[in-house]
Amino acid sequence: MQTLIIEDDRRLSDALVRILEENGWRTDAVYDGQSGLDYALCGTYDVIICDLMLPKKDGYAVVSELRRANVSTPLLMLTARGAIGDKIEGYDSGADDYMTKPFSPAELLAHLRALTRRQGQVIFENVEFGDLALNLESHDLSCGGKTINLSYKEFSIAQLFMSNPRQVISKETLIAKVWGVESTAVDNNVEAYISFLRKKMRFLGSTLQIETIRKTGYRLCEGQPDA
1 MQTLIIEDDR RLSDALVRIL EENGWRTDAV YDGQSGLDYA LCGTYDVIIC DLMLPKKDGY
61 AVVSELRRAN VSTPLLMLTA RGAIGDKIEG YDSGADDYMT KPFSPAELLA HLRALTRRQG
121 QVIFENVEFG DLALNLESHD LSCGGKTINL SYKEFSIAQL FMSNPRQVIS KETLIAKVWG
181 VESTAVDNNV EAYISFLRKK MRFLGSTLQI ETIRKTGYRL CEGQPDA
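What follows is the structure in structure tokens.
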């Protein structure tokens, strides 16, 4: 399951990422309302966790704009303000659930499970493109009868490519999505993990390749294995 966390408190955001990833969720984290809106409009998420008080655009505005854009992703709003009026305004703006800080990890996970059940969502176990299949639970990459396990970053890169086949993905996007928007990762980190992933694809005998698009980024496409 993929969740977007929109929370300007870095310590809380890091804690949310840790809790969710320890329980099998994949996360993107951003720290202001405008970035959250941009990610939510461009990405595919099972749940969005959004703080109420955010720089650039508050949580009410974020959820209202998402609903006007017909984005129906379940949204859990977080706030330190527990007044009934605040909760009603949150629900009226389009939030699906509301949780007041502080809260326990167990309470957070229970709210998220309830949201996904309410939506009747299905967790897909594999992403497939060409001759490759990526298991979202085990992080195994398979081709034909061969399988190899990917590290977390290799898996995140493979998932991004396989969910967006033939599309060029910039190094900046890879760094933001895989290492995090506040990461100190540089182009060399991306190049190293692309190399690791290419080697594993060659081991599997895949006919897909990760093509380098000069001065732009990379794309996963049909062809002979990359050298």
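Taking the UniProt record's numbering, the leading residue of the sequence shown gets 1, the next gets one more, and so forth.
Every residue, glycine too, gets a C-beta built ideally from N, C-alpha and C.
Rounded separation between residue i and residue j - CA only
| i | j | result |
| --- | --- | --- |
| I5 | L160 | 18 Å |
| R166 | V186 | 24 Å |
| M53 | Y60 | 9 Å |
| T216 | E172 | 9 Å |
| F203 | N164 | 22 Å |
| R219 | M162 | 9 Å |
| E128 | L109 | 28 Å |
| N126 | E7 | 29 Å |
| L112 | E21 | 13 Å |
| R18 | R11 | 11 Å |
| V122 | T3 | Here the model assigns V122 a pLDDT of 46, short of 50, so the residue's position is not dependable, and the following value carries that caveat. Between V122 and T3, the C-alpha separation is close to 14 Å. |
| A95 | P74 | 7 Å |
Contacts around residue i, its chain only, beta-carbon distance under 7 Å, and the 5 residues preceding and following it disregarded
| i | result |
| --- | --- |
| A158 | L134, L141, L150, L197 |
| H139 | N149, L150, F155 |
DSSP three-state assignment for residue i, whether helix, strand or coil
| i | result |
| --- | --- |
| G36 | helix |
| M77 | strand |
| F103 | coil |
| G217 | strand |
| Y31 | coil |
| L204 | helix |
| V122 | Note that V122 has pLDDT 46, beneath the 50 cutoff, so the model's placement of it is unreliable and no number is given. |
| T184 | coil |
Spatial neighbours of residue i in its chain, beta-carbon cut-off 8 Å, leaving aside the 5 residues before and after
| i | result |
| --- | --- |
| S156 | R26, K177, V178 |
| V71 | A40, L41 |
| A114 | D97 |
| D131 | C143, G144, S206, T207, L208 |
Among the options, nearest to residue i - alpha-carbon criterion
| i | options | result |
| --- | --- | --- |
| A106 | N23, T147, I48, K146 | N23 |
| T212 | A69, A29, D58, V168 | V168 |
| M201 | E65, C221, C50 | C221 |
| R214 | S170, R117, N188, I194 | S170 |
Other residues of its chain near residue i: CB distance less than 6 Å, five sequence neighbours each side excluded
| i | result |
| --- | --- |
| K146 | L204 |
Assumed close pair residue i, residue j - CB separation to whole angstroms, cut-off 8 Å
| i | j | result |
| --- | --- | --- |
| D9 | G33 | With a Cβ gap of about 13 Å, D9 and G33 do not count as contacting. |
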